[in-house]
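Structure first, commentary second.
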Amino acid sequence: MKLIESKYARTISFSKRKKSLFKKADELSTLTGADVGVLLISPSDKPYSYGSTSIENITDKFLELKLADRQRDHSNMGKSNVFEVFEDLYKQLQAPEEKEKDRVLRYNIMHRGSEKPHDKHMLVSIKLQMDEIKKETKGCVLAELLKSDLNVAPEPNEESS
């Protein structure tokens, strides 16, 4: 198919085809009971319409259905977003538990027969306690050294000189 060159021939062809198109739309509506609407704009920019009921009723119904589809899609999208957010939060909560299970499993593999490994907080606490003990023992050792240095009795030869 190609565009008809002559403007007059184009107008005649449009008029004939418009009538046959409207006739087919009417047959479709009659045979199936469907609401049928056809909108045409001629080459001279004149609008033509056919509707088995009024074209306004058909366009209103069409627009309402489109709006309902968009709202349903939007509500479904909202539901899926809620489920996605829930799933993400659930995974975030499960991640530390999985890490802990993995850590315990690795510890058990490497140290068979020993008790459950300490968590990080417990290890930090133990380290602080050990540092305190180290400071206390270091202080005790220094005190003993100083005490032993002060308790040294001078030799008798040194006093007479």
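Residue numbers for the sequence shown follow the UniProt record's numbering, beginning at 1 and rising by one.
The C-beta atom is built at its ideal place from N, Cα and C for all residues, glycine as well.
What did DSSP end up calling residue i once you bin it into helix, strand or coil?
i: residue 160; result: With a pLDDT of only 48 at residue 160, under 50, the local geometry of the prediction cannot be trusted, and the value read off the model is given with reservation. Helix at residue 160.
i: residue 141; result: helix
i: residue 125; result: helix
i: residue 112; result: coil
i: residue 102; result: helix
i: residue 119; result: coil
i: residue 57; result: helix
i: residue 71; result: helix
Just to confirm the assignment, what range does the alpha helix (DSSP H) spanning residue i have?
i: residue 12; result: 7-32
What are the start and end residues of the beta strand (DSSP E) that includes residue i?
i: residue 4; result: That residue, residue 4, is in no beta strand (DSSP E); it is neither H nor E in DSSP.
i: residue 36; result: Note, residue 36: premise wrong, no beta strand (DSSP E); not H, not E.
i: residue 43; result: It is not in any beta strand (DSSP E) - residue 43 carries neither H nor E in the DSSP assignment.
Could you tell me if the beta carbon of residue i falls within a distance shorter than 7 Å of some heavy atom in the ligand NAP?
i: residue 14; result: Absence of the ligand NAP is noted for the structure shown, with no ligands found whatsoever.
Under the assumption that residue i contacts residue j (Cβ atoms under 8 Å), give the Cβ distance between them as a whole number of angstroms.
i: residue 29; j: residue 52; result: 4 Å
i: residue 22; j: residue 43; result: Residue 22 to residue 43, Cβ: 17 Å. No contact.
i: residue 49; j: residue 65; result: About 19 Å separates the two Cβ atoms, so there is no contact after all.
i: residue 61; j: residue 35; result: 7 Å
i: residue 37; j: residue 58; result: 4 Å
On the DSSP bridge assignment, give the partners of residue i in chain order.
i: residue 90; result: Per DSSP, none; premise fails for residue 90.
i: residue 49; result: 39
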